[in-house]
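**Student:** Going by this note's numbering, the final residue of the sequence shown carries number 297, and the count climbs one at a time with no gaps.
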Amino acid sequence: MREALALARLGSRTTSPNPMVGAVIVAGGRIVGRGYHVRPGCPHAEVMALSDAGPAARGATLYVTLEPCAHWGRTPPCTEAIIGHGVRRVVAAMEDPDEQVRGRGLRALARAGIETLTGVAYEAARALNEAYIKHRTTGLPFVTAKWAMTLDGRIATRSGESRWISGDASRALAHELRAGSDAILVGIGTVLRDDPQLTARGPTARQPMRVVIDSGLRLPPDARVLAPDGTPVIVFTTHRSRPEARRALEARGSEVLLADGSDGRVDLRTAFGALARRGVLSLLVEGGG
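1) Which residues in the same chain as R250 place their Cβ atom closer than 7 Å to its Cβ, once the five residues preceding and following it in sequence are excluded?
2) Can you tell me the Cβ-Cβ gap for R218 and V241, rounded? I've got them flagged as a contact below 8 Å.
3) Buried or exposed: where does R66 fall if 16 or more other Cβ atoms within 10 Å of its Cβ makes it buried?
4) List in chain order: all unbroken beta strand (DSSP E) runs of 3+ residues lying wholly within the region 184 to 236.
5) Report buried or exposed for P229, applying the criterion of at least 16 other Cβ atoms within 10 angstroms of its Cβ.
6) What is the rounded straight-line gap between the Cα of L18 and the Cα of L289?
7) Can you tell me where the beta strand (DSSP E) holding A100 begins and where it ends?
8) Buried or exposed, going by whether 16 or more other CB atoms sit within 10 Å of the CB of G127?
9) Name the residue from L70, T124, D275 whose alpha carbon lies nearest to the alpha carbon of A37.
10) In chain order, which continuous runs of the beta strand (DSSP E) of length 3 or greater are located wholly inside the region 125 to 155?
11) Taking the alpha carbon of D60 as the point to measure from, which residue in H93, T87, A116 has its own alpha carbon closest?
12) Compute the Euclidean distance between the alpha carbons of T278 and G161, then round it to the nearest angstrom.
13) So is T145 buried or exposed if we call it buried at 16+ other beta carbons inside 10 Å?
14) By DSSP, does A35 sit in helix, in strand, or in coil?
15) P48 and R82 - do their beta-carbons sit closer together than 8 Å?
16) Could you tell me whether the region 72 to 80 touches the region 107 to 116, where touching means 3 or more Cβ pairs closer than 8 Å?
Have a look at this one:
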């Protein structure tokens, strides 16, 4: 199962909105097949491992980090492939919390006479897919807040300068966090002060969706966050923003959504729910105080 978890992590930047899943097939005391889920639409980890194992899968044990699916999605049900290859036993780290699965895969395998066991390395599997689990069980993304801070709790100098607090190592980590997130969010104050690009650096970095919270819609049309580079941009605002300002942003390719809160500002729960419905499992929040 540790090997399966390590395989699953290889898809950390490509599988969303699907979960990270790894699979290992063991026969005669040795590993005969390995696989992991690369990206949505590609074969699932179990199918990749079965293909790698070939005839050696018959009578073998399949170790997988998440319950195999039993429904048609972008790909056929994994349970059918497992049954068809004659696997004798399936060990899953945890059940899939998605309402389309949630025990159905394990029950389908049991009905076919395959021995099943769950709960092996359960905590590690939950930690691996914490964003997926939060999304599927609450309808909200998993939110991470990131800031650079001095030991005495400051995030900027008296004049507002903040770049001196972080260094090369911390900035590299910040870009890793961005590349591993589905979306990155800032408030309008950060945009007006810093004019950030909100991009992940690196030749292979996945670019997260860019999200701005702007209750009064003060977002300048030339802000770098609005760069037409193919990355989706969502701006959350309220009814007190000017309709013509909303139309201007939409004309530049941004999606402008209303999320009125009782205090006249953007309601974050409403905004986060809208992001979750658009496939955002993990949300990185960057901003000032």
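We put the CB at the ideal spot given by N, CA and C, even for glycine.
The model shown is predicted, which means the values in this text are computed figures rather than measured ones.
**Tutor:** Judging by the given coordinates:
1) Taking the first residue of the sequence shown as position 1, residue 250 is located at position 242. Excluding residues within five positions, the ones whose Cβ falls inside 7 Å are L225.
2) Within the sequence shown, residue 218 is the residue found at index 210, counting from 1. Within the sequence shown, residue 241 is the residue found at index 233, counting from 1. Right, their Cβ atoms sit about 5 Å apart.
3) Here residue 66 refers to the residue found at position 58 of the sequence shown. Exposed.
4) Scanning the region 184 to 236 for uninterrupted beta strand (DSSP E) segments of 3 residues or longer gives 191 to 195, 217 to 221, listed from N- to C-terminal end.
5) One-based indexing of the sequence shown puts residue 229 at position 221. P229 is exposed by the Cβ-count criterion.
6) As a working note, residue 18 is residue 10 in the sequence shown. As a working note, residue 289 is residue 281 in the sequence shown. Computed Cα separation, rounded: 17 Å.
7) Position 92 of the sequence shown, counted from the start, is the residue given in the question as residue 100. It spans 97 to 100 - the beta strand (DSSP E) in which A100 sits, taken as one unbroken run.
8) For this step, residue 127 is matched to residue 119 along the sequence shown. Counting C-beta atoms within 10 angstroms of its own C-beta, G127 has fewer than 16 neighbours from the protein chains shown and is therefore classed as exposed.
9) The residue labelled residue 37 in the question sits at position 29 within the sequence shown. Per the sequence shown, the amino acid found at residue 37 is Gly instead of Ala. Here the closest residue by C-alpha is L70.
10) Counting only runs of 3 or more, we get 150 to 154.
11) Residue 60 sits at position 52 when you count from the first residue of the sequence shown. Of H93, T87, A116, the smallest CA-CA separation from D60 is found for H93.
12) Reading the sequence shown from its first residue, position 270 is the one you call residue 278. Reading the sequence shown from its first residue, position 153 is the one you call residue 161. Approximately 30 Å between the Cα atoms of the pair.
13) Counting from 1 along the sequence shown, the entry for residue 145 is found at position 137. That one is exposed.
14) Here residue 35 is taken as the residue at index 27 of the sequence shown, counted from 1. DSSP places A35 within a strand segment (E or B) once states are collapsed to three.
15) As a first step, residue 82 must be located in the sequence shown, where it is residue number 74. As a first step, residue 48 must be located in the sequence shown, where it is residue number 40. Yes, they are a contact pair.
16) Counting Cβ pairs under 8 Å, three or more are found: they touch.
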